[in-house]
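K.L.:
Residue numbers (the numbering used here): 250 to 426.
Every residue, glycine too, gets a C-beta built ideally from N, C-alpha and C.
The model shown is predicted, which means the values in this text are computed figures rather than measured ones.
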């Protein structure tokens with residue numbers, strides 16, 4: 250096939266370049282290859298740095314650890330709509346905000362059922378205690394009189410253990426009976 254058989258002229262003409270910032274394009278062309286490479290690496294480093302800063306500034310997920318100091322079993326509880334189970338630890342939830350909404354369901358033992366005590370659903374809003382970046386466990390203490398205390402910790406032992414020692418002593422007595 251010859252060149253004249255094609256419908257387009259040979260060599261093809263380049264389309265005119267449309268530039269948004271013509272002065273920047275001229276400056277970019279004047280840079281050496283090393284300077285361009287350096288700018289590419291700096292832009293990439295800025296993106297990577299911003300990603301790590303964003304990751305570091307976010308609080309990590311948290312575990313919920315329920316402590317029941319009442320004479321009624323806690324069937325289930327929720328903190329800001331995150332399920333805390335009915336004993337032990339659940340993980341990993343995003344728990345943020347200035348206040349925490351704690352909902353819980355007070356169950357009944359068979360003895361309490363015979364006495365006519367019904368299951369109850371309760372709710373309370375309490376301030377979110379200060380949290381350090383290393384704190385990964387929110388301890389939720391259910392106290393008599395439908396009170397709730399919460400504290401952040403980086404361990405599975407509650408920072409309120411000393412403060413609530415009278416309740417822990419009562420729990421030990423109840424378990425030994």
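#1: Is it right to say residue 413 is buried, meaning 16 or more other beta carbons lie within 10 angstroms of its own, or is it exposed?
#2: Candidates 330, 324, 353, 356: which alpha carbon is nearest residue 346's?
#3: So the candidates are 394, 294, 404; which of them puts its Cα closest to the Cα of residue 382?
#4: Would you list the residues sitting across from residue 317 in a DSSP beta bridge?
#5: Since I believe residue 333 is in contact with residue 313 (beta carbons under 8 Å), could you give me their beta-carbon distance rounded to a whole number of angstroms?
#6: Quick check on the burial criterion: 16 or more other C-beta atoms within 10 angstroms. Buried or exposed for residue 344?
#7: Let me make sure I understand the geometry here. Which of 273, 357, 274 has the alpha-carbon closest to that of residue 320?
#8: Distance, Cα to Cα, residue 398 vs residue 371?
#9: Pick from 368, 376, 271: whose alpha carbon is nearest that of residue 322?
#10: In chain order, what residues of the same chain lie with their CB nearer than 6 Å to the CB of residue 350, ignoring the 5 residues before and after it?
P.N.:
Per the coordinate set shown:
#1: buried
#2: 330
#3: 404
#4: 391
#5: 4 Å
#6: buried
#7: 357
#8: 14 Å
#9: 368
#10: 329, 374
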